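Remarks on the structure that follows.
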Amino acid sequence: MNKTIFSGVQPSGNLHLGNYLGALKNWVALQNQYRCIFCVVDYHAITLKQDPKVLRSKILEIAKLYLAAGINPETAIIFQQSQVSAHTELAWILNTITKTAELQRMTQFKDKAKENKENINMGLFDYPVLMAADILLYNTDLVPVGDDQSQHVELTRVLARRFNSRFKDVFKLPEVYIQKQGARVMGLDDPRKKMSKSASSEFNYVALLDKPAMARKKIMKAVTDSGSEIKFDLRKKPALANLLAIYSLLANVSVQELEARYNGHGYGELKKDLAEVVAKFLAEFQHRFSGFDDQFINNILEQGRQKASAIAAETLTKVKEAIGVA
Ligand code: ATP
Ligand code: LTN
Numbered sequence: 001m002n003k004t005i006f007s008g009v010q011p012s013g014n015l016h017l018g019n020y021l022g023a024l025k026n027w028v029a030l031q032n033q034y035r036c037i038f039c040v041v042d043y044h045a046i047t048l049k050q051d052p053k054v055l056r057s058k059i060l061e062i063a064k065l066y067l068a069a070g071i072n073p074e075t076a077i078i079f080q081q082s083q084v085s086a087h088t089e090l091a092w093i094l095n096t097i098t099k100t101a102e103l104q105r106m107t108q109f110k111d112k113a114k115e116n117k118e119n120i121n122m123g124l125f126d127y128p129v130l131m132a133a134d135i136l137l138y139n140t141d142l143v144p145v146g147d148d149q150s151q152h153v154e155l156t157r158v159l160a161r162r163f164n165s166r167f168k169d170v171f172k173l174p175e176v177y178i179q180k181q182g183a184r185v186m187g188l189d190d191p192r193k194k195m196s197k198s199a200s201s202e203f204n205y206v207a208l209l210d211k212p213a214m215a216r217k218k219i220m221k222a223v224t225d226s227g228s229e230i231k232f233d234l235r236k237k238p239a240l241a242n243l244l245a246i247y248s249l250l251a252n253v254s255v256q257e258l259e260a261r262y263n264g265h266g267y268g269e270l271k272k273d274l275a276e277v278v279a280k281f282l283a284e285f286q287h288r289f290s291g292f293d294d295q296f297i298n299n300i301l302e303q304g305r306q307k308a309s310a311i312a313a314e315t316l317t318k319v320k321e322a323i324g325v326a
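All residue numbers for the sequence shown refer to UniProt numbering, where the first residue is 1 and numbers rise by one.
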């Protein structure tokens, strides 16, 4: 277990099936083969407006969601980004080797800037550099994320290479890890866009903490394509393909098997069954979630802070020596 995975989720909005299938589920699948570091990236979350009280409770909620998803707190390091100041220190240093043109190209920045015209702040622009710092502090080998984050991991590699060649070989080059299925779960109300916590309609997503009855309703209301045949076809039937992918991943049945099972049946029947699959998954997930109390989570975050700080401090010292400030 000498290889490390690092990933994180922002404590903002409601975590949904996209976050689970694109990220958390893969963390759990990989956790026994790697040293695992999972961060609650609160300094990323404040690049959009957050209510301080809600933010505080979301931080604990995200850590609980990690555990409910199946992350083992005995082996993984789970911690809060803002509690390890090396992240923002390294981000500052990396800023000095990042070109503004590189950040202007980031798709997520362009999308978020369009959605939040009244609050296009420096933090939002600099978001990928803080993410690079997160990853590089821990000698990360693998970064399991949804496919919307691959551009940020690519930039992380560019910055690591640039730093190593300009100063000294300090950083390991991380690889992105993206599963074929689930890497981009699409919105239930619009299969052309990814399922998103910040979507304007709550019928865009099924939140991990939605009541099972509500989740059933959302699946039944999901848009479908024209035609009636149950066939996975991303181009011609994007809405159905999305429902089949969610079904396949949650029930652990292949898409081909589902196609065979629903041969001659309509969309309505598939949706009804999927609604049950989702409701059952959520009921079990939420049962685990409610078993963790705040004190337990606070202890885990404190232990995580200590372990993460020690690793991060070592890397930051090497960086400071390399650039000549220490
Ligand atoms: P927003 O949708 O509001 O931009 P987000 O859900 O992308 O927020 P994060 O909480 O930081 O923001 O995402 C956590 C993880 O979930 C990341 O690895 C991201 O790639 C993944 N993820 C997010 N949305 C999806 C999706 N629709 N399908 C698959 N993975 C996703
Ligand atoms: N930008 C990521 C969250 C994130 C992250 C990270 C993911 C912040 N730092 C480091 C992996 C590794 C997102 O999903 N929106």
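Cβ atoms here follow ideal geometry from the backbone N, Cα and C, with glycine treated the same way.
Please read all numbers here as calculations on a predicted model, not as lab measurements.
Would you call the CB atoms of M131 and T156 closer than 8 Å? Note that the C-beta distance between M131 and T156 is below 8 Å.
In or out: V325 buried (at least 16 other Cβ within 10 Å) or exposed? Under this definition V325 is an exposed residue.
Could you name the residues of the same chain whose beta carbon sits closer than 7 Å to that of A23, not counting the 5 residues immediately before and after it, in chain order? Around A23: S7, V9, P144, V145 and G146.
Just to check my reading of the structure: P238 and R192 have Cβ atoms closer than 8 Å, yes? What is that Cβ distance to the nearest angstrom? The beta-carbon separation of P238 and R192, rounded to 7 Å, stays under the 8 Å limit for a contact.
Is the region 246-259 close to the region 298-315, with three or more CB pairs under 8 Å? No, the region 246-259 is not in contact with the region 298-315.
Assess contact between the region 202-213 and the region 169-189, defined as three or more Cβ pairs (one per stretch) separated by less than 8 Å. Is contact present? Yes, since at least three Cβ pairs between the region 202-213 and the region 169-189 fall closer than 8 Å, the two stretches touch.
Using the Cα positions of V40 and H265, report the straight-line distance between them to the nearest angstrom. Cα atoms of V40 and H265: separation of roughly 43 Å, rounded to the nearest angstrom.
Roughly how many angstroms lie between the CA atoms of Q149 and L21, to the nearest whole one? Taking the straight line from one Cα to the other gives about 14 Å.
Contact under 8 Å by Cβ, L316 with L90: In contact: L316 and L90 (Cβ atoms closer than 8 Å).
Alpha-carbon spacing of V223 relative to A113, whole angstroms: Cα to Cα, the separation comes out at about 27 Å.
Does the distance from the CB of A279 to the CB of R216 come in under 8 Å? Yes, Cβ-Cβ distance for A279 and R216 is below 8 Å.
Tell me the DSSP secondary structure of S150 in three-state form. It is helical.
Between residue 329 and ligand 2, is there a pair consisting of the residue's CB and a ligand heavy atom that are separated by less than 7 Å? The structure shown does not extend to residue 329, since the chain is modelled only from 1 to 326, so the question has no answer here.
Between Q303, G182 and G227, which lies nearest to Y247 when the distance is taken from Cα to Cα? Minimum Cα distance to Y247 is reached at G182.
Measuring only from the beta carbon, is residue 337 closer than 7 Å to any heavy atom that is part of ligand 1? Residue coverage of the chain in this structure runs from 1 to 326, which leaves residue 337 outside it and unanswerable.
As assigned by DSSP and simplified to three states, the class of Q80: Annotated three-state conformation of Q80 is strand, per DSSP.
Separation of L103 from Y262, as counted between CA atoms: So the two alpha carbons sit approximately 46 Å from each other.
Can you tell me the Cα-Cα spacing of N14 and G291, whole angstroms? Approximately 19 Å, taken between the alpha carbons.
Skipping 5 residues on each side, what residues in its chain have a beta carbon closer than 7 Å to that of M220? Hits under 7 Å: K271 and A275.
At what residues does the alpha helix (DSSP H) containing V28 begin and finish? Counting along the chain, the alpha helix (DSSP H) containing V28 begins and ends at K25 to L30.
Count the other CB atoms within 10 Å of the CB of S196; is the residue buried (16 or more) or exposed (fewer)? Counting Cβ neighbours within 10 Å, S196 comes out buried, since at least 16 surround it.
Would you give the residue range spanned by the alpha helix (DSSP H) that P144 belongs to? Note, P144: premise wrong, no alpha helix (DSSP H); beta strand (DSSP E) at L142 to P144.
Could you check the C-alpha separation between I93 and D294 for me, to the nearest Å? So the alpha carbons of these two residues sit roughly 35 Å apart.
So what does DSSP say about V54, is it helix, strand or coil? Helix.
Ligand 1 and L21: does the residue's C-beta get closer than 7 Å to at least one heavy atom of that ligand? Result yes, Cβ under 7 Å from ligand 1.
Among all the DSSP beta bridges, which residues are the ones paired with E175? Bridge partners of E175: L142.
Ligand 1 and S198: does the residue's C-beta get closer than 7 Å to at least one heavy atom of that ligand? Within the chosen limit of 7 Å, ligand 1 reaches the beta carbon of S198 through at least one heavy atom.
Alpha-carbon spacing of N119 relative to H152, whole angstroms: So the alpha carbons of these two residues sit roughly 21 Å apart.
Proximity winner among N116, Q303 and V170, relative to Y138 (alpha-carbon distances): The shortest Cα separation from Y138 among N116, Q303 and V170 belongs to V170.
Could you pull the start and end residues of the alpha helix (DSSP H) that V255 belongs to? Here the alpha helix (DSSP H) through V255 covers V255 to R261.
Within 8 Å, strictly: CB atoms of Q31 and A76: It is a contact, given that the beta carbons lie within the stated cut-off.
Whole-Å CB distance - F232 paired with A68, under 8 Å assumed: Between the beta-carbon of F232 and that of A68 there is about 29 Å, and that puts the pair past the 8 Å contact cut.
Is any beta-carbon of chain B found at less than 8 Å from that of E74? No chain B is present in this structure, which holds just one protein chain.
Three-state secondary structure assigned by DSSP to R35: Three-state result, R35: strand.
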